[in-house]
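Colleague: Structure incoming, see below.
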Amino acid sequence: MNKLVGMRHWPERMNSNFGMGRPNVPMNALNPHAKSTPQPGPPINVPQAADTPIHYSFSMPFASDLAGPDTEDILHATADAVMRWTHPADAPDDVQIHELPVHAQNLAELRRLCRDLTNGPLPIEAHVLSSLPRNGKGQQATTVCLSGTPELVHKSRETILNEIPITLRCTTIDIDGKLVCDLTAGVLKKEVLEAFDYISSFCGVDIFLLGPKLTPVVDGMTGDSEMRMDQRWRVAIYGDILASEHAKARVLIHIDTLLDRAVDGTRIDLSLHQLLCGRHRKNIKLIESSTGTAIYFPPLFSQMCRYCPPGATRRDPNEIFITGETSQAIGIAKQKLHDTISRIRLYVKDVTIPAAKIDSILLTRLDKVRKILEANGTYILFPSLACQSTMVRVQGSEGLPVERTVRELMSLAGQFYGAGWYIQQPEPRQFPSPADTRAMLGEICANSGADVSLDKLTFTISGSDDAVKSALTVISDIKFVMQSQYQIRVKIELANEHKEFVSGKKNGKINKIMGQSNVQIIFDGFNEYNFNIDVMAASYDSMKQGLTLVEQEMPASISFHVPDQYHKRIIGIGGQHIQRIMKKHSVFVKFSNAMDRGGMGREDDDIKVDNVICRTPARNAQNLDAVKNEILEMVDRADSEYTSQIVSVDRLYHRELIARLSEIDELEQKYNCKINFPSTEQASDEVTVTGPQWQVPHCVDEFLGMVPDKHELVLARSPELIKFLESPDFAHDFVPKLKNQYEVEVTVHQNPDETTEDGSPTVTLVWGFTRNNAGGLRDATDFLHAQFATSGVELTVVKGAIPRPKSDSFEDSLQYFDSKLLQHAPSSTVTDSPVKAAFGDEVARERSSILDRLRRPGGMTSISSFLDRRKNSSNSVNSLFKGSNNVSKSSLISIESTRSFNADRNPWNDSGVNLPDDDNPWAARPLSNHVDNKLTIPHTGDLTPRHGARASGDSGRPSTSHSFNSGYPGPIGPFR
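According to the UniProt record's numbering, the sequence shown is numbered sequentially starting from 1.
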């Protein structure tokens, strides 16, 4: 426990291009096989002839399924970006994504590197194999097979993974079109395009400027789909994980400069960044709120990979960018950052994790690790990728978060298997040649995703549980293996607390499995957190059966939050209540209170963690939800199950909301909820509201009351219209009624850029409202039309009409009755959400009016032509629909009036017995893509099992009114 000192060094002042002038780091200095550059440090010792050679095959984590942007959306692209990420014009229609030039180039670079390794002075062979999976589904799988001594094999693998671009990704930033184009001149701004080109070359990425997109939206009431035009444009950045994050930060900073914000920065050691941010970035949000700044941190794992694109510059992992309204505000923010660092006391703990598992975490599980660190305010120092180091350091500002992070990390690392297939000496003619051996290992690796090595006659497999089992299945199909005698050993890693659980009382479960499947099972504890289960068998069928039985006894768990004041009520006197529940469902339930988590007086975020854990064998996993529901029934409605809801708010408006942090704190305390904003460098619109499921909609509604919105209604100009808008009745009677009755404000604007199709002038009515009152916009416009009709004003809507929604009455059927007494029903009109413009042809016309004046620099064709191409494109409509997450006041009333706390119960049935789901019209139905899910209450917590529950939904016990498979209760006892 050491207090940090000496962190007050201050950098020099930085301009808008600060940090972009540093020379590129020569990455060949990190290549142990480079032949043209002298290597620093001790040379690699050439292994002796006595060392046993091995064959090692691993999958290259190429993102070969990453597609480029739609060519019809591209307004600008950096140098060679279109050629790299799009197919040639003469390419067939069924061309695969992995055949894109960028993916083909990466594969060719990998082949070149492996060829150089093979032809080099060291005794190592490297071969590349590319194939499609056996099932014909998925993208191309690329594997590398290395042959040589173990030391050279691992060094070569490290070289390959650090010199080839892997884990390519696309990150998108939304941007206001007015910032990148000059509507008056009708061209894209040259200085913006030059900035994108410079960032592309400096960071080593490809950047595309994409126009507004048409997004299909489903009406939650009618189920009809509509095409909504997003008001913002997109900047798409393609590159490897570190280069794309670097370029994303540079683009965000450039957008801030376009908004007339000052830019500066400071340097703080990378390992202290997460501690500086605090749990859920609480410290940083306080600094941003008090200073009006935006603080951009580098990626947490900037040192995981040494790859850097040719000619590019990596971001300094210690560099923090800050933008603000003034230089003085930035200076105050920097002072607050260093003051916070000076108060941090560091707690450190080192743990050992096998190297293969570290590599798998770095390649596939970084998102989960990032969530662990943000939740605990800690940092994990991983070794670099594929370096074979096993030491991991966890550090934080308190001992409890460090210990919690270690346990969650070890639990995450425990979700891996290892296996060994030991073959006794086969006949010489059966053993494959070296070339056939490499092909065999490549096939195993490509069809399973596991790393496989062959040492003499032993297959060694490592990877996730599914990968290892798939590899064993592929090996079992190999002819020379099955014709020989062999033994199989599978190693499973679990947390130590699951050992009083898997083995059973006096190892009863394990003894039963060994007797049923003819396998041998050994428990091996190797550290303070995890232990191994070794399952050994002499045949593949026995191993398959034994492994299945062991997995059925492995723990499946679910965790959730229940306020501490309810624990005694749920447990009961002497544990009677909870014992009855556990015995009824064969589920173990554990409670932890604030004292168990480090004492009272802790911050609210720490108190509201999941404090109830329900655990049962995987074969009984279907009873977990039943136990959870029965426990939550004893909790008051205001403190019901914690859930989360995502609200979409323009990321640039987050700064104004964070400046009102005191109001947000009052809102959180009022509804016992937590409002979490995304990190600044994440550039996301999604704000997460977490709290009791009956309080979250109220909190969301009041939070949206802090978010302004507007809608523009463009009308054709006429003398009658102008006379009405300039009349005293409009200003003193109509406008106040809209404000008082509908909570909508309307102002009149003269916009010369907006004209009718024949070029006539227009008048724009701008409707202002808050997001929670968006539902009143349609009523306000109906009131406007009624006033115009009374005054004899004929309206012609040019843009922004809000048609009447589809009625749920029988008027549509009246057209089939030929009666003069009945009027024909008008045709239904597809409607948009009240805050957006109309759809269909009007959207296309509006989109064209925005872009028809834009031209590409250099006299190229009109940019707006991409819209016409898109209208006729088969890719213009997305089949995945997403409803709105906003909850209006009418929705809240609907929640209170139509949903009880036991939402799945028939409200008209007082018998206490639920109807079967097929006969119960009030039963919960599965949501599809065509249903608005804004009122859905999701399950929270750490939900396992990884191992599927048994197919039968019958638990073997009589149903109760609280169970999912409800029926009439019956006597306890065997079925007769």
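C-beta atoms are modelled at their ideal positions from N, C-alpha and C, and glycine is treated no differently.
#1: Once DSSP output is grouped into helix, strand and coil, what is the label at PHE459?
#2: Tell me which same chain residues have a C-beta within less than 7 Å of the C-beta of residue 977, skipping the five on either side of it?
#3: Below 6 Å CB to CB, which residues in the same chain sit around GLY204 once its five sequence neighbours on both sides are set aside?
#4: Given a cut-off of 8 Å, decide if TYR238 and CYS305 are closer than it, judged by their beta-carbon atoms.
#5: When you compare the CB positions of LYS334 and LEU661, do they come within less than 8 Å of one another, or not?
#6: Just to confirm, are SER64 and CYS145 a CB contact at a threshold of 8 Å?
#7: According to DSSP, simplified to helix, strand and coil, what is THR405?
#8: With distances taken from CA atoms, which of HIS273, PHE321, GLY292, TYR307 is nearest VAL251?
#9: For the candidate residues ASN527, VAL102, ASP625, ARG569, whose alpha-carbon lies nearest to that of ASP350?
#10: Do ASP779 and TYR742 come within 8 Å of each other at the CB atom, strictly closer than that value?
#11: Using beta-carbon positions only, say whether ASP639 and PRO692 come within less than 8 Å of one another.
#12: Applying the 10 Å Cβ sphere with the 16-neighbour rule, what's the burial state of PRO617?
#13: THR378 and ALA329 look like a contact to me (Cβ under 8 Å); what is the Cβ gap, rounded to whole Å?
#14: To the nearest angstrom, report how far apart ALA683 and ILE295 are at their CA atoms.
#15: Can ILE510 and SER503 be called in contact, C-beta distance under 8 Å?
#16: For VAL468, which three-state DSSP category applies?
#17: Apply the 10 Å Cβ neighbour rule to THR548 and answer buried if 16 or more other Cβ atoms are within range, or exposed otherwise.
#18: Could you give the DSSP three-state label for LYS889: helix, strand or coil?
#19: Assign PRO121 to one of two classes, buried (16 or more other C-beta atoms within 10 Å of its C-beta) or exposed (fewer than that).
#20: Got a sec? Which residues, its chain only, sit under 6 Å from THR172 by beta carbon, not counting five neighbours each side?
#21: On the DSSP bridge list, what partners appear for LYS590?
#22: Roughly how far, in whole angstroms, is the beta-carbon of ILE488 from the beta-carbon of ALA537, given that I think they are within contact range, below 8 Å?
#23: From what residue to what residue does the alpha helix (DSSP H) around CYS387 run?
#24: Below 8 Å between beta carbons: does that hold for ASN447 and VAL474?
#25: When you compare only the Cα positions, how much space is there between ARG905 and MET60?
#26: Which residue's Cα is closest to the Cα of SER644: PHE677, ILE631, TYR417?
#27: Can you give the Cα-Cα distance for ILE74 and LEU209, rounded to whole angstroms?
#28: Can you round the beta-carbon distance between GLN395 and LEU346 to whole angstroms, since I take them to be within the 8 Å contact cut?
#29: Looking only at DSSP bridge pairs, what is VAL687 linked to?
#30: Where are the beta strand (DSSP E) runs, 3 residues long or more, that stay fully inside the UniProt domain "K Homology" (486-555), in chain order?
#31: Going residue by residue through the segment 105-162, where are the continuous beta strand (DSSP E) segments of at least 3 residues, counting only ones entirely within it?
#32: If you pair each beta-carbon of the segment 352-367 with each one of the segment 384-392, do three or more pairs fall below 8 Å?
#33: Nearest-angstrom Cα distance between LYS674 and ILE664?
#34: With a cut-off of 8 Å, do at least 3 Cβ pairs link the segment 397-404 to the segment 459-466?
#35: Between the beta-carbon of CYS114 and the beta-carbon of ALA126, is there less than 8 Å?
#36: Could you please give the first and the last residue of the uninterrupted alpha helix (DSSP H) stretch that includes LYS737?
Modeller: Reading it off the structure:
#1: Looking up residue 459 in the sequence shown gives position 459. If DSSP states are grouped into helix, strand and coil, PHE459 belongs with the strands.
#2: The structure shown has nothing for residue 977, since the chain only spans 1 to 976.
#3: Here residue 204 corresponds to residue number 204 of the sequence shown, with the count starting at 1. Correct list, in chain order: ALA243, PRO309, ALA312.
#4: For the purposes of this step, residue 305 is identified with residue 305 of the sequence shown, where counting begins at 1. For the purposes of this step, residue 238 is identified with residue 238 of the sequence shown, where counting begins at 1. Their beta carbons are not under 8 Å apart, which means CYS305 does not touch TYR238 by this criterion.
#5: Here residue 334 refers to the residue found at position 334 of the sequence shown. Here residue 661 refers to the residue found at position 661 of the sequence shown. It is not a contact, given that the beta carbons lie outside the stated cut-off.
#6: Within the sequence shown, the letter at position 64 stands for residue 64. Within the sequence shown, the letter at position 145 stands for residue 145. Contact: no.
#7: To locate residue 405, count along the sequence shown from 1; it is residue 405. If DSSP states are grouped into helix, strand and coil, THR405 belongs with the helices.
#8: The residue labelled residue 251 in the question sits at position 251 within the sequence shown. Nearest of HIS273, PHE321, GLY292, TYR307 to VAL251, Cα basis: PHE321.
#9: Within the sequence shown, the letter at position 350 stands for residue 350. Closest by alpha carbon: ASN527.
#10: By 1-based counting over the sequence shown, the position of residue 742 is 742. By 1-based counting over the sequence shown, the position of residue 779 is 779. Taking 8 Å as the Cβ cut-off, TYR742 and ASP779 qualify as a contacting pair.
#11: Taking the sequence shown and counting its residues from 1, one reaches residue 639 at position 639. Taking the sequence shown and counting its residues from 1, one reaches residue 692 at position 692. It is a contact, given that the beta carbons lie within the stated cut-off.
#12: The count along the sequence shown starts at 1 and reaches residue 617 at position 617. Counting Cβ neighbours within 10 Å, PRO617 comes out buried, since at least 16 surround it.
#13: Locating residue 378 in the sequence shown gives position 378, where the first residue counts as 1. Locating residue 329 in the sequence shown gives position 329, where the first residue counts as 1. That belief does not hold up - the Cβ atoms of THR378 and ALA329 are roughly 29 Å apart, past 8 Å.
#14: Residue mapping note: residue 683 aligns to position 683 of the sequence shown, counting from 1. Residue mapping note: residue 295 aligns to position 295 of the sequence shown, counting from 1. Approximately 12 Å, taken between the alpha carbons.
#15: Taking the sequence shown and counting its residues from 1, one reaches residue 510 at position 510. Taking the sequence shown and counting its residues from 1, one reaches residue 503 at position 503. Taking 8 Å as the Cβ cut-off, ILE510 and SER503 qualify as a contacting pair.
#16: Here residue 468 refers to the residue found at position 468 of the sequence shown. The answer is helix: DSSP assigns VAL468 an H, G or I state.
#17: Walking along the sequence shown from the start, residue 548 turns up at place 548. Exposed, because fewer than 16 other Cβ atoms sit within 10 Å of the Cβ of THR548.
#18: Within the sequence shown, residue 889 is the residue found at index 889, counting from 1. Confidence is the limiting factor: at LYS889 the pLDDT is only 37, short of 50, which leaves the residue's position unreliable, though a coordinate-based value still follows. Here LYS889 sits in helix by DSSP.
#19: By 1-based counting over the sequence shown, the position of residue 121 is 121. PRO121 comes out exposed.
#20: On the sequence shown, residue 172 is found 172 positions in, with the first residue counted as 1. Result list for THR172: ARG234, ALA236, in chain order.
#21: Mapped onto the sequence shown, residue 590 falls at position 590. BP columns for LYS590 point to ILE613.
#22: As a position in the sequence shown, residue 488 is number 488, starting the count at 1. As a position in the sequence shown, residue 537 is number 537, starting the count at 1. Correct: roughly 5 Å between the Cβ atoms.
#23: As a working note, residue 387 is residue 387 in the sequence shown. Where CYS387 is concerned, there is no enclosing alpha helix (DSSP H), given that its DSSP letter is neither H nor E.
#24: Here residue 447 refers to the residue found at position 447 when the sequence shown is read from its first residue. Here residue 474 refers to the residue found at position 474 when the sequence shown is read from its first residue. The answer is yes: Cβ separation under 8 Å.
#25: Here residue 905 corresponds to residue number 905 of the sequence shown, with the count starting at 1. Here residue 60 corresponds to residue number 60 of the sequence shown, with the count starting at 1. Caution is warranted here: a pLDDT of 37 is assigned to ARG905, below 50, making its placement in the model unreliable, and the coordinate value is therefore given only provisionally. Going by the C-alpha atoms only, they are around 51 Å apart.
#26: Looking up residue 644 in the sequence shown gives position 644. Selected option, being the one with the closest Cα: PHE677.
#27: Here the question's residue 74 lines up with position 74 in the sequence shown. Here the question's residue 209 lines up with position 209 in the sequence shown. Rounded to the nearest angstrom, the two C-alpha atoms are 6 Å apart.
#28: The sequence position of residue 395 within the sequence shown is 395, counting from 1. The sequence position of residue 346 within the sequence shown is 346, counting from 1. Yes, GLN395 and LEU346 are in contact; Cβ-Cβ is about 6 Å, under 8 Å.
#29: What you label residue 687 is simply residue 687 of the sequence shown in a count that begins at 1. Paired residues: VAL647.
#30: 486-495, 520-525, 530-537
#31: 125-131, 141-148
#32: yes
#33: Within the sequence shown, numbered from 1, the residue matching residue 674 stands at position 674. Within the sequence shown, numbered from 1, the residue matching residue 664 stands at position 664. So the alpha carbons of these two residues sit roughly 9 Å apart.
#34: no
#35: The residue given as residue 114 occupies position 114 in the sequence shown. The residue given as residue 126 occupies position 126 in the sequence shown. Result yes, Cβ atoms of CYS114 and ALA126 sit closer than 8 Å.
#36: The count along the sequence shown starts at 1 and reaches residue 737 at position 737. Unbroken alpha helix (DSSP H) run through LYS737: 735-742.
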